[in-house]
Amino acid sequence: MIQRIGWEKLSMFILYCLSFFLLWEWIRPLNAISDTGYLHYFVIFIGLSFLLYFFQVDWRISNIVKVLFVVFVLRSLHFPGPLFGGEPWISSLILSLWDSVVLTIEQNWNNISNVYRSFLFFILLWLTTYLVHYWIAVRKQLFLFYVFTIIYVALLDTFSPYSGDSAIIRIIIIGFLLMGLLALQRIVDKEKLQQSGRQYRKWLVPLVIMVAFSSVAAYAAPKAEPLWPDPVPFIQSFAGDSGTGPRQIGYGMDDSALGGSFIGDDTKVFDVITDGDQYWRIETKDLYTGKGWENSEDVSGAGPAFVSGDPVPLNLSVINEESETKTATLDISLEYTHLVYPYNPMSVESDGADLFIIDEVNEKMTSYEESEPTRLSQYEWAFREPRYSLTALRETVGQGQFEGTPELDQYLQLPDNLPDRVRELAAQITADQDNWYDKANAVESYFANGEFTYDQTDVAVPQGNQDYVDQFLFETQRGYCDNFSTSMVVLLRSVDIPARWVKGYTEGEAVRSVGNGQTEYTVTNNNAHSWVEVFFPELGWVPFEPTIGFSNNVSLDYDLELETESEAADTPEQEQQEVEQPSPIPEEEEPTDSEDAGAASSNSFWMQLKQFFDEQRSAFIISGLLFAAAGIALYRMRLKWMPYVLILYYSKRNKQGIYPKAYLSLLKQLDRYGLKRKDTQTLRSYAKEIDNFFGSTEMSKLTSQYERILYRQDSQGDDWSDMRELWENLIKRTTG
Amino acid sequence: MYHPKLENILLNIEHVMIGKRNVAELSVVALLAQGHVLLEDVPGVGKTMMVRALAKSVGANFKRIQFTPDLLPSDVIGVSIFNPKELEFQFRPGPIMGNIILADEINRTSPKTQSALLEGMEEGSITVDGVTRTLDKPFFVMATQNPIEYEGTYPLPEAQLDRFLLKMRMGYPNAREEIEVLNRLQIASPIDQLSPVLTLEELRDLQREVKEVVVDDTIKSYIVDLANKTRNHPNVYLGASPRGSIALMKASQAYAMLHGRDYVLPDDVQFLAPYIFSHRIILKSEAKYEGISAEDVMERILARTHVPVQRLVNE
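In the order they appear, the protein sequences are chains A and B. Each residue of the first sequence is one higher than the one before, starting from 1 at the first, in full-length UniProt numbering. Each residue of the second sequence is one higher than the one before, starting from 1 at the first, in full-length UniProt numbering.
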């Protein structure tokens, strides 16, 4: 008896060990295919779980042990520091998990914390180990899991950089040993055999020899060449070409390869209360590579510095004296070390930083606290609204026109391989205009000629030597702000007008009016934007907005007293119209739908959900209709497929009391077939009818069996192995 | 599919009665269920022949009583006569003291004589001069009444009709069958060639076995359902009594046994219900004027009662 228990224990131990190794094979590739680290913790967790199952530890204790282990691992991975004292890591752990739960509900996948991901992975492993335990200890069948393991490794080996050569050998050996042992256990259970060492030896020795022999033979044997070439390089090259799939909209640093589609993102960046509705600047870029934007000089972060309350040493442009001073109070949700700032900033007030530095290369403004870049949650701008004198704008007709113009070559840079047709187009657009402002305006309006479409999703990526601007202007004519702004810069530079590319946010979505003429705006990642600045020697950098459907609120003063006779045609009214709607917007609806509507809703989950349904209404209706149609079709076709379902269902069942059920489903199927039994008809006379109809005798036989069960309470008739064939024959007839 | 022994009785009856399988079956059913049969038919269709064949098949003592208006109870049950030799009254048993009795034209005699017979049928015993005498078993009465002659008849009261397990008609044979009848009777009556296929002892055993035939609850509820419907039917003045339900169950058991089964099917109930219930329900006069018969009513009820085909509650 003791020996028997010993053998039972030993075999269970081997089973758990083998399952542990099998499950390990699922963890191994994670290093190669994802950025999951610290895999050994997860492997230890699996081992621990199986150990607890093996010793049949009470579930309460084993759950506590596992939870403690998970907490311990999460702490040591994500909250380094002393266990007691120091930071209260437990509360931050719980807080972090809770935040991520909220983010999950909001479908904000990008901001989910690593702690939460590790936590979820532990839960998954917990479930998996339980399942495997159930399979080997209770069901004593593991085939499905084994097949899935092989498929998993095979797929990864084929379609990912992970090499499963040795993994597949390990899995084969482990799997066959596992299933061989489980088969023995099943036989022992079924035949109620005495477990003994002799038996195990009798079973195990051939099993091990067979597995060893076959795996060695398989390893040594020559292998057939793969049927198709390795797809991994192709996948990698494909992935490399298009970036990494669709990009998430929002502020990012790298603009060296533009193009591709965007996914909208409603994550709030900041709330602002202001009396203006201007764009928010972050940085500029001046070097166009043919694929995207870079800076011509290295960005060092060095530049003029200032402190809170001081005048901002950034002079973008000369603005009209009439321009009003305005304020903006920003409440930042997505904190960066850089500041967003309006045009013509005068001063900034913030408690969190003791120094601000404006990078001299890209005009990016960074906040510092004790010489370390710091993230501000709140700051307040004083700035002057951008107002420009139209007369002054129009005075500029060419470079070198004015004394002391700074060096502008970097803003006239164009890639050497820029196709000539871009230059030709630029010349053609601006041919009728003589000054820079009108030329810039002509280019700006060119995008509103109806040939261009605003689109975030179906946007091409330039391939090979193709130029990003050339592709947009002449081939796709479909894109979003980056396409429009980059194209405008390149077109302007082609006609020797200095221009650069600016990144930042649009004014956002007006949420409510807070009084005093001030309005609260919410700026989300969807409002990330890029536009154009043109340099006018007398004035400085003046923003332009080529993207159709957008408008930058730049005010122009018309200097009416300076109007000359020759410009009489440009009546102020006309000009007004032209200027206030810099982009006559034929396709205004579209970007409004896709971009601004995204920001329109508040951030609450329900609003998002509602909006999602609103946006996808047609898709929902169509798919709903399709489902309904498929459902109806399936329902109407049920006569054809139902018998096979029933046969499948009943073929596996041989329990007590299953025959009456089978018989009643046969009655139902016959009813569907059109041979309905009247409620007042006896089974026997109905069976006669059916047999007459089909020219068979099966129904009568089946019926008399059923009658015995029902009216005689005859349970021995439950064994319907001899009836099954009749039943299947008859039910198949109904499909004809 | 018939019970082997009982099938022989049917074959015997069919030997003399061409094409009357239904009637033969019903008679055997009544015999097995220890009930009595009321045969409503015109004279000359072979009632006597059938009863005699039945009696001969089971080796039973066959008696026939021809009821007339002037028949007295003592003519039925017997009479005590003074025996001068032994100086005491001696009982001379009447025709009721047999196993199988044909009571011909029962509605022709006075109620007093009728009730003498009916009491015997009900009690299984008779009382003469204060002495109760038990009747032989099996005791099976097949009473006939003539449906066309109402002149000078004493119709049986409803309470007494209830004593008959079932009521049936023979009907005329069809032309082919009638030719066959003529053929068989041309030389000699085939009744003489019949020999018993069952002893009385065996018959009594079978009568006991009938009670063992399984009647599932679903069947019982079906029977009760039918009986209930006769009580609530708009054309019916008085529906079938619980005694009617019992009769239907017993007859169904016998019918099941006749068909070689030890459990009752709804088919048995359906087949027997008109024969069992028709004479137990009293139609409203309006229905009678409209020409609706009790058989029609039963047909309609059967066409409206759901047959139980599965357990109502899963145990």
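Idealized CB from N, CA, C, for every residue including glycine. If you're wondering where the values come from, they're calculated on a predicted model, not measured in any experiment.
Counting only the Cα atoms, A/F50 lies some 15 Å from A/L142. Residues of the segment 691–719 of chain A with a C-beta less than 9 Å from any C-beta of chain B: Y706, E707, R708, L710, Y711, R712, Q713, D714, listed in chain order. Using a 10 angstroms sphere on the CB of A/E545, the tally of other CB atoms reaches 16 or more, which defines it as buried. Remark: C-beta atoms of A/A440 and A/S494 do not approach each other more closely than 8 Å. A residue is called buried once 16 or more other Cβ atoms fall within 10 Å of its Cβ, and B/F67 is buried on that count. When Cβ-Cβ separations below 8 Å define contact, B/V264 makes contact with chain A.
Secondary structure at B/E105: coil, using DSSP grouped into helix, strand and coil.
DSSP places A/R512 inside the beta strand (DSSP E), whose first and last residues are 509–515. The beta-carbon of A/Q681 is placed less than 8 Å from the nearest beta-carbon of chain B.
Of all residues in the segment 650–671 of chain A, those with a C-beta nearer than 8 Å to a C-beta of chain B are P660, L664, L667, reading in chain order. Proximity of B/H306 to chain A, defined by a Cβ-Cβ separation below 8 Å, is satisfied. Closer than 9 Å at the C-beta level to chain A, one finds these residues of the segment 281–303 of chain B: L302, A303. Residue environment analysis places A/M637 among the exposed positions, since fewer than 16 neighbouring C-beta atoms fall within 10 angstroms of its C-beta.
A residue is called buried when at least 16 other Cβ atoms come within 10 angstroms of its Cβ; B/I223 meets this threshold and is buried. Counting only runs of 4+ residues, the alpha helix (DSSP H) found wholly inside the segment 682–730 of chain A occupies 683–694, 698–712, in chain order. A/P543: member of the beta strand (DSSP E) spanning 540–544, first to last residue. When DSSP states are grouped into helix, strand and coil, A/H338 belongs to the strand group. For B/Q253, the nearest beta carbon of chain A is not closer than 8 Å to its own beta carbon. Contact between A/R724 and A/T703 fails: their C-beta atoms lie close to 15 Å from each other, not under 8 Å. Taken in chain order, the unbroken stretches of beta strand (DSSP E) that lie wholly in the segment 307–363 of chain A and span 3 residues or more are 325–332, 345–349, 355–358. Rounded to the nearest angstrom, the Cβ distance from B/I9 to B/L198 is 6 Å, consistent with a contact under 8 Å. The segment 230–244 of chain B makes no contact with the segment 211–222 of chain B: fewer than 3 CB pairs, one atom from each, lie closer than 8 Å.
Nearest C-alpha to A/K140 among A/T327, A/L15, A/R170, A/S261: A/L15. One Cα belongs to A/T149, the other to A/L182, and the distance between them is close to 17 Å.
Residue range 89–105 is occupied by the alpha helix (DSSP H) that includes A/L97. For B/T230, no Cβ of chain A is located within less than 8 Å of the residue's own Cβ. Going by beta carbons, A/E335 and A/R375 fall inside the 8 Å limit.
Listed along chain A, no residue sits closer than 8 Å to B/I191 by beta-carbon distance, the nearest being about 35 Å off.
Two segments are said to touch when three or more pairs of C-beta atoms, one from each, lie closer than 8 Å; by this definition the segment 24–34 of chain B does not touch the segment 276–290 of chain B. Where A/E385 is concerned, there is no enclosing alpha helix (DSSP H), because DSSP gives it neither an H nor an E. Listed in chain order, the non-local C-beta contacts of A/S513 below 8 Å within the same chain comprise T519, E520, local neighbours out to five positions each way being set aside.
Residues of the same chain with a CB within less than 8 Å of the CB of B/A256, apart from the 5 flanking positions on each side, are V213, D262, Y263, V264, L265, D268 in chain order. Beyond the five residues adjoining it in sequence on each side, A/M699 comes within less than 7 Å, by CB distance, of A687, I690, D691, L730 in the same chain, given in chain order. Around the Cβ of A/E385, a 10 Å sphere holds 16 or more other Cβ atoms; the residue is buried.
Counting C-beta pairs closer than 8 Å gives three or more between the segment 285–298 of chain A and the segment 484–502 of chain A, which meets the contact rule.
Using a Cβ-Cβ cut-off of 9 Å, B/D225 is close to nothing in chain A; its nearest Cβ partner there is about 11 Å away.
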